[in-house]
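**Q**
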């Protein structure tokens, strides 16, 4: 059976997307694959929007010192994804 695969190309970012071929692992197992992280302009505003649309926090906001604010969420299908706000003053 062929796999439905989507190639994604943007300015400077390339990737692919396909449907998960097996059941989603239980939430308490954490991630078992590459976790997509998206750079955002404002972590707190983006996190609030995610939560308002039904997402849940998988890992609270934390600092990657002198680099960014990072956090992870679960979408409505229990897929893990991250967001980060670049901030050289993050501690």
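In my numbering, the protein residues as written are 1 to 91.
Virtual Cβ for every residue (Gly too), placed ideally from N, Cα, C.
What distance in whole Å lies between the Cβ atoms of residue 85 and residue 43, which are believed to be in contact at a cut-off of 8 Å?
**A** Numbered from 1 along the chain shown, position 43 holds the residue referred to as residue 43. Numbered from 1 along the chain shown, position 85 holds the residue referred to as residue 85. That pair is a contact at about 4 Å.
**Q** Where in the stretch 17-55 do unbroken runs of the alpha helix (DSSP H), each at least 4 residues long, occur, reported from the N-terminal end onward?
**A** 43-52
**Q** Does the distance from the C-beta atom of residue 47 to that of residue 69 stay below 7 Å?
**A** Numbered from its first residue, the chain shown carries residue 47 at position 47. Numbered from its first residue, the chain shown carries residue 69 at position 69. Not closer than 7 Å, so no.
**Q** Per DSSP, residue 63 forms a beta bridge with which residues?
**A** For the purposes of this step, residue 63 is taken as residue 63 along the chain shown, with counting starting at 1. Per DSSP, 69.
**Q** Run the CB neighbour count on residue 33, radius 10 Å, all protein chains shown included, and call it buried at 16 or more, exposed below.
**A** By one-based count along the chain shown, residue 33 stands at place 33. The residue is exposed, with fewer than 16 neighbouring Cβ atoms inside 10 Å.
**Q** Counting only beta-carbon atoms, is residue 67 nearer than 7 Å to chain B?
**A** In the structure shown, chain B cannot be found, because there is only a single protein chain.
**Q** Roughly how many angstroms lie between the CA atoms of residue 54 and residue 64, to the nearest whole one?
**A** Locating residue 54 in the chain shown gives position 54, counting from the first residue. Locating residue 64 in the chain shown gives position 64, counting from the first residue. Distance between residue 54 and residue 64, taken at the CA atoms: about 26 Å.
**Q** First and last residue of the beta strand (DSSP E) that includes residue 4?
**A** Indexing the chain shown from 1 puts residue 4 at position 4. Unbroken run through residue 4: none, as it is neither H nor E.
**Q** Among 6, 61, 21 and 28, which has the Cα closest to the Cα of residue 83?
**A** As a first step, residue 83 is located in the chain shown; it is residue number 83 there, counting from the start. Selected option, being the one with the closest Cα: 61.
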